[in-house]
Amino acid sequence: MNNKLYDKLIFELSRQGRCGYSLPKNNYPDAVGSIPATLMRENEIGLPQVDELTVVRHYTNMSTNNFGVDTGFYPLGSCTMKYNPKINEEMAGNSVIASMHPNQPARLSQGALEIYHTLAAALSEIGGMAEFTLNPYAGAHGELTGLMICRAYHDSRGDKKRTKVIIPDSAHGTNPASAAVAGLQVVPVKSLPDGTVDVEALAPLLDDSVAAMMMTNPNTLGIFERQIPQIAEMVHAAGALLYYDGANLNPMLGIARPGDMGFDVMHINLHKTFSTPHGGGGPGSGPVGVRAGLEHLLPNPRVVKNEDGTFDLISSPDSMGRVSSTLGNFAVEMRALSYILSLGSDGLMEAGRLATLNANYIKESLRDVYELPVDTICKHEFVFDGLKDKSTGVTTLNIAKRLLDYGFHAPTIYFPLLFHESLMIEPTETESLDTIDSFIEVMRQIAHEAVNDPEMVKSAPHTTPVRRPDDTEAALHPRLTFDEL
Amino acid sequence: MNHRYFPHTEEDKRIMLKKCGVDTIDALFADIPEQLRLSRPYALGAQMSEVEVRSFFRRLADNCRSLACFAGNGHYDRYTPAVVQSMIARSEFLTSYTPYQPEISQGTLQYIFEYQTMIARLTGMEISNASLYDGATATAEAMILASGNSRKRPRVAYSSTLNSAVVETLSTYARYHGIDIVEIPEVDGVTSQEALNALLAEGTIGGVILPQPNKYGIIEDFTGVAEAIHNAGAMFIINSVAIDLATLRSPGEWGADIAVGDAQSLGIPLNFGGPYLGYMAAKKALMRKMPGRIVGATVDNQGQRTFVLTLQAREQHIRREKATSNICSNQGLMALFVTIYMSLMGDKGLKEVNATGAAAAHHLARELEATGKMKLTYPNHPFLNEFEMTTSIDTETIIDALAKVGILAGVATAPNKLLIAVTEMRTEEEINRYVETVKAL
Amino acid sequence: MKTYFSPSHEYLTIDEEGNGYVGISDYAQKALGNVVYVDMPEVGDEFEKDEDFGAIESVKAASDLIIPVSCEVLEINEALADNPRLVNEDAMANWIIKIKLTDPEEVESLMDLDAYNEYLATNPH
Numbered sequence: 278m279n280n281k282l283y284d285k286l287i288f289e290l291s292r293q294g295r296c297g298y299s300l301p302k303n304n305y306p307d308a309v310g311s312i313p314a315t316l317m318r319e320n321e322i323g324l325p326q327v328d329e330l331t332v333v334r335h336y337t338n339m340s341t342n343n344f345g346v347d348t349g350f351y352p353l354g355s356c357t358m359k360y361n362p363k364i365n366e367e368m369a370g371n372s373v374i375a376s377m378h379p380n381q382p383a384r385l386s387q388g389a390l391e392i393y394h395t396l397a398a399a400l401s402e403i404g405g406m407a408e409f410t411l412n413p414y415a416g417a418h419g420e421l422t423g424l425m426i427c428r429a430y431h432d433s434r435g436d437k438k439r440t441k442v443i444i445p446d447s448a449h450g451t452n453p454a455s456a457a458v459a460g461l462q463v464v465p466v467k468s469l470p471d472g473t474v475d476v477e478a479l480a481p482l483l484d485d486s487v488a489a490m491m492m493t494n495p496n497t498l499g500i501f502e503r504q505i506p507q508i509a510e511m512v513h514a515a516g517a518l519l520y521y522d523g524a525n526l527n528p529m530l531g532i533a534r535p536g537d538m539g540f541d542v543m544h545i546n547l548h549k550t551f552s553t554p555h556g557g558g559g560p561g562s563g564p565v566g567v568r569a570g571l572e573h574l575l576p577n578p579r580v581v582k583n584e585d586g587t588f589d590l591i592s593s594p595d596s597m598g599r600v601s602s603t604l605g606n607f608a609v610e611m612r613a614l615s616y617i618l619s620l621g622s623d624g625l626m627e628a629g630r631l632a633t634l635n636a637n638y639i640k641e642s643l644r645d646v647y648e649l650p651v652d653t654i655c656k657h658e659f660v661f662d663g664l665k666d667k668s669t670g671v672t673t674l675n676i677a678k679r680l681l682d683y684g685f686h687a688p689t690i691y692f693p694l695l696f697h698e699s700l701m702i703e704p705t706e707t708e709s710l711d712t713i714d715s716f717i718e719v720m721r722q723i724a725h726e727a728v729n730d731p732e733m734v735k736s737a738p739h740t741t742p743v744r745r746p747d748d749t750e751a752a753l754h755p756r757l758t759f760d761e762l
Numbered sequence: 010m011n012h013r014y015f016p017h018t019e020e021d022k023r024i025m026l027k028k029c030g031v032d033t034i035d036a037l038f039a040d041i042p043e044q045l046r047l048s049r050p051y052a053l054g055a056q057m058s059e060v061e062v063r064s065f066f067r068r069l070a071d072n073c074r075s076l077a078c079f080a081g082n083g084h085y086d087r088y089t090p091a092v093v094q095s096m097i098a099r100s101e102f103l104t105s106y107t108p109y110q111p112e113i114s115q116g117t118l119q120y121i122f123e124y125q126t127m128i129a130r131l132t133g134m135e136i137s138n139a140s141l142y143d144g145a146t147a148t149a150e151a152m153i154l155a156s157g158n159s160r161k162r163p164r165v166a167y168s169s170t171l172n173s174a175v176v177e178t179l180s181t182y183a184r185y186h187g188i189d190i191v192e193i194p195e196v197d198g199v200t201s202q203e204a205l206n207a208l209l210a211e212g213t214i215g216g217v218i219l220p221q222p223n224k225y226g227i228i229e230d231f232t233g234v235a236e237a238i239h240n241a242g243a244m245f246i247i248n249s250v251a252i253d254l255a256t257l258r259s260p261g262e263w264g265a266d267i268a269v270g271d272a273q274s275l276g277i278p279l280n281f282g283g284p285y286l287g288y289m290a291a292k293k294a295l296m297r298k299m300p301g302r303i304v305g306a307t308v309d310n311q312g313q314r315t316f317v318l319t320l321q322a323r324e325q326h327i328r329r330e331k332a333t334s335n336i337c338s339n340q341g342l343m344a345l346f347v348t349i350y351m352s353l354m355g356d357k358g359l360k361e362v363n364a365t366g367a368a369a370a371h372h373l374a375r376e377l378e379a380t381g382k383m384k385l386t387y388p389n390h391p392f393l394n395e396f397e398m399t400t401s402i403d404t405e406t407i408i409d410a411l412a413k414v415g416i417l418a419g420v421a422t423a424p425n426k427l428l429i430a431v432t433e434m435r436t437e438e439e440i441n442r443y444v445e446t447v448k449a450l
Numbered sequence: 004m005k006t007y008f009s010p011s012h013e014y015l016t017i018d019e020e021g022n023g024y025v026g027i028s029d030y031a032q033k034a035l036g037n038v039v040y041v042d043m044p045e046v047g048d049e050f051e052k053d054e055d056f057g058a059i060e061s062v063k064a065a066s067d068l069i070i071p072v073s074c075e076v077l078e079i080n081e082a083l084a085d086n087p088r089l090v091n092e093d094a095m096a097n098w099i100i101k102i103k104l105t106d107p108e109e110v111e112s113l114m115d116l117d118a119y120n121e122y123l124a125t126n127p128h
């Protein structure tokens, strides 16, 4: 139950003279008064004035307007919304680490550097890579770092003409965007009807102007790119590097390693495969791994293990450069390590298998009512092209919104761009058969409603805290702060 | 095996495999060429119980020194109110996805809207985005924005007094993105305005990035700078430590076009590097050129006030390689963190934090100079709570001696340069211990 | 007055004095949906044929505007800044920029209305 008072904006709860903080008293003579007036702030900031309980009730009430993994199932394709174990939170809250300054010298921070190194080594084993950096802050930041490493590799060989990157047309939007930030020109390569890369279309694109090719495997349709050994050979023969977008790494856990498939550089989304919370959009973490021979190009600073078992931070002029002010989102890294330790080798070997079993089970259970454009065994996710019965006028968007009424998050919709009514479903290994069966039942119910009561589906959602927002008004007359309301 | 994170019973698996028309789970991977299949378990050790995980982390934490922090260099040991930690741990915030489904994400969208308002007000700018990774990457994004704004003026200038990690990061972005960056030299610890004016006169500079306070903790005087930059057709970008803006003249008051920096100082624990929070605020005219997510207000079909992600046509999932940035996430939960922090503290609390830190910092600087072992590198410039000392003893010796008594002395920026920051967290006893230890060296 | 079309769905109408008016076709405005913003160049900007001269955005899509002929911008349609939906109301009447053609012979490479309709009918989009 939401209280409408506390649901207001915090500025609307502000009353002159209220206060929500306590601070230790100042023991020393004032220093701010000695700063010249021209350097001092003139205007009030205008932050709210609220007492502590008002703040607590306001944000507690707001939280109840949110859906999270702890609330229910996210069948969200390409996002790997698995359970975020509570022990990870407890470990990330370690009070010693929490108070450690990022510039605390290595000799005084050995345990923290060992956390970094242990996680990086585990990711290297899982990815089949020689070394990982944990410095990038998110998946897209990892992609950017990885592509810069590819460029640094060619630069280090004195090869300056490689300015292009080949990206399948089914790729995540971040791939071409990261390429552009890294100063690379995007060359799309077509997919076959089953969403896999068209090797024949790829061949003529590979020449000495190509720096790298980016791939997601399994691809965004959840299909394993079987031609990958041949593609790797072609890319390498052209002198380019092969980049692995780790967004879909989950089903490969315990099954196959990108390094063994021929990839040279890869990133991992710790907030997907390694169970760290999405936090409503962040903080994530996007570690980047490289094969042997490219380690020296990893971003500064690097954490290395000395022969005597101690750890050090090094920076090298050979590196591709610095991409972050620190060693990355360290508390997120701690959560991922806690997860890897909790699962162990034996648990990790199971995760990809169970995720894949869940996905295939949903696909087979719904294919009679939803259009399955690519009929094959999928990995962790698959794509429906809307309802099988196209006569109802009920769209993928309608289905997604109707799911909200039934207490499920919506799937990823209208992606990949290969189909008109894409509806991309990914259940992770942490979802039980009971949860999945109830999701299947609801999806069938919606298909039934689409025929019998299409208006009900088209006007969904009906039971959520707010109903469908006017996106056009938001974009036409942007109001981005309280002052513009 | 039966792991507590995996709900599948043997019976469940049997039912599901039957539906899939296969006998074993491995049959679902038959499409993967045999030579690519992992033929052995990972060399990672067996699963640990919670008891073992706890003792693993305890052992490593025990191998770190817990020190009273006098280090800054862009990141500071600040007070975190208990309410903040308690609220951000609520799983509805913590375990939620990016708010693409506004109907079930109003919690996230509303706090981002509150965050944008607070950051816009703190920086004195009109708008803010939903946050970026950290201060260094936020500054690099501002550089890209400024460089792309005008075909005739693609170069970006930055002051040599900008924090070195920020400079290294934006140099990396510039090198690969293909932006010609140029350093403005410093004179006596502050940006040379003469050199800046000479650069602007070349007519090719599209953006100028200046720090406030700068990497020595000095508060620079930007009087006349905005006019000079704007007359040359360039953008004025100010990089600041967020909390300092509660006391110092804000980027908006200086006439900046973009304000960027790290907002870790708004109560976020140091955590050996993160997660922190980068902020970016700007004039409203730049809203369609901003990187990252932006939340706007609208109404739902019942007329209720509703918040949504807006101006999405800038973003990677729509524009792909033409996007303003490749950024996909923001630092969501950290934006909530600083929003709750600023709600609790208010204007008065932020100013008090700065005043307390500044008073203690000036006291420590005086006392350390009195030891005769070090002196202020730039005694003629004002500072808030951070200052650089030139030492007569090797800084590593000082750091080790102070570590022995439980103190992180600061950040050694050179063998005889020590950057020291004092916040509201440092006690009188710790400050006295610092001074006494230096005296005894 | 004669109107030409480009494969990227911009139109170019030439008036009696030889000046051009560039906008997006009715097909393009329908495909985009509710237009919320038109990013326009500045008066005096010069473009080579096929360069981007701006962008047009709806809520969930965005499209670069590609100049059909080499030109100098004489005028921009200020009305679109305040009310971008005019493009949806009448795309042909609400041009985006008025231009001076720097190489008028380039119009030869464009389609007339019949050819454009044929192009729409035969090309899947």
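Chains as they are written, first to last, in the working numbering: chain U, 278 to 762; chain P, 10 to 450; chain X, 4 to 128. Note that CB positions come from ideal geometry on N, CA and C, so glycine has one too.
- Cβ-Cβ separation between residue 682/U and residue 740/U: approximately 5 Å, consistent with a contact (criterion under 8 Å).
- At the C-beta level, residue 32/X and residue 94/X come within 9 Å of one another.
- Distances from the alpha-carbon of residue 390/P to those of 272/P, 72/P, 230/P and 404/P put 230/P closest.
- Among the residues of chain P, those whose CB is under 8 Å from the CB of residue 40/X are 297 and 322, following chain order.
- For the set 377/P, 259/P, 425/P and 60/P, the Cα lying nearest the Cα of residue 318/U is the one of 259/P.
- Annotation for residue 371/U: 611 place their beta carbon closer than 8 Å to its own, counting only its chain and skipping 5 residues before and after.
- Shown here for residue 145/P: same chain residues with a beta carbon closer than 6 Å to its own, the five before and five after excluded, namely 174, 175 and 178 in chain order.
- In the DSSP assignment, residue 343/U forms a beta bridge with 114/P.
- Using a CB distance cut-off of 9 Å, residue 543/U does not count as an interface residue toward chain P.
- Every alpha helix (DSSP H) of 4 residues or more that sits fully in the segment 112–175 of chain P is shown, in chain order, as 115–132 and 144–158.
- Residues of the segment 62–91 of chain X with a Cβ closer than 8 Å to any Cβ of chain P, in chain order: 62, 63, 64, 65 and 67.
- The distance from the Cβ of residue 578/U to that of residue 340/P is about 21 Å, inconsistent with a contact at the 8 Å cut-off.
- For the 9 Å CB-CB criterion, residue 320/P and residue 621/U do not form a contact.
- If you draw a straight line from the Cα of residue 712/U to the Cα of residue 40/P, it comes to about 28 Å.
- Of the residues 487/U, 471/U, 491/U and 285/U, the one whose Cα lies closest to the Cα of residue 340/U is 285/U.
- At least 9 Å separates the beta-carbon of residue 7/X from that of residue 87/X.
- Around the CB of residue 535/U, 16 or more other CB atoms lie within 10 Å, so the residue is classed as buried.
- Within chain U, not a single residue places a beta-carbon under 9 Å from that of residue 208/P; the smallest gap is close to 23 Å.
- Cβ atoms of residue 332/P and residue 454/U come within 8 Å of each other, at about 4 Å.
- Boundaries of the alpha helix (DSSP H) harbouring residue 427/U: 416–433, taken from the DSSP string.
- When DSSP assignments are scanned along the segment 4–89 of chain X, the uninterrupted stretches of alpha helix (DSSP H) that are 4 or more residues long and fall wholly within it turn out to be 29–35 and 82–85.
- Among the CB atoms of chain X, one or more fall inside 9 Å of the CB of residue 331/P.
- Judged by beta-carbon spacing, residue 529/U lies within the 9 Å limit of residue 629/U, meaning their Cβ atoms are closer than that value.
- In the DSSP assignment, residue 20/P falls within the unbroken alpha helix (DSSP H) covering 19–29.
- In this structure, DSSP gives residue 35/P a helical state, which the three-state scheme calls helix.
- The shortest C-alpha to C-alpha distance from residue 433/P to any of 364/P, 372/P, 406/P and 424/P is the one to 364/P.
- Annotated three-state conformation of residue 377/U is coil, per DSSP.
- Between residue 300/U and residue 362/P, the alpha-carbon positions lie close to 8 Å from each other.
- For the segment 389–419 of chain P, the continuous alpha helix (DSSP H) assignments of 4+ residues that do not extend past its boundaries occur at 404–413, in sequence order.
- The distance from the Cβ of residue 699/U to that of residue 734/U is about 18 Å, inconsistent with a contact at the 8 Å cut-off.
- Residue 97/X has a beta carbon lying at 9 Å or more from every beta carbon in chain U.
- Closer than 8 Å at the C-beta level to chain U, one finds these residues of the segment 18–45 of chain X: 37, 39 and 40.
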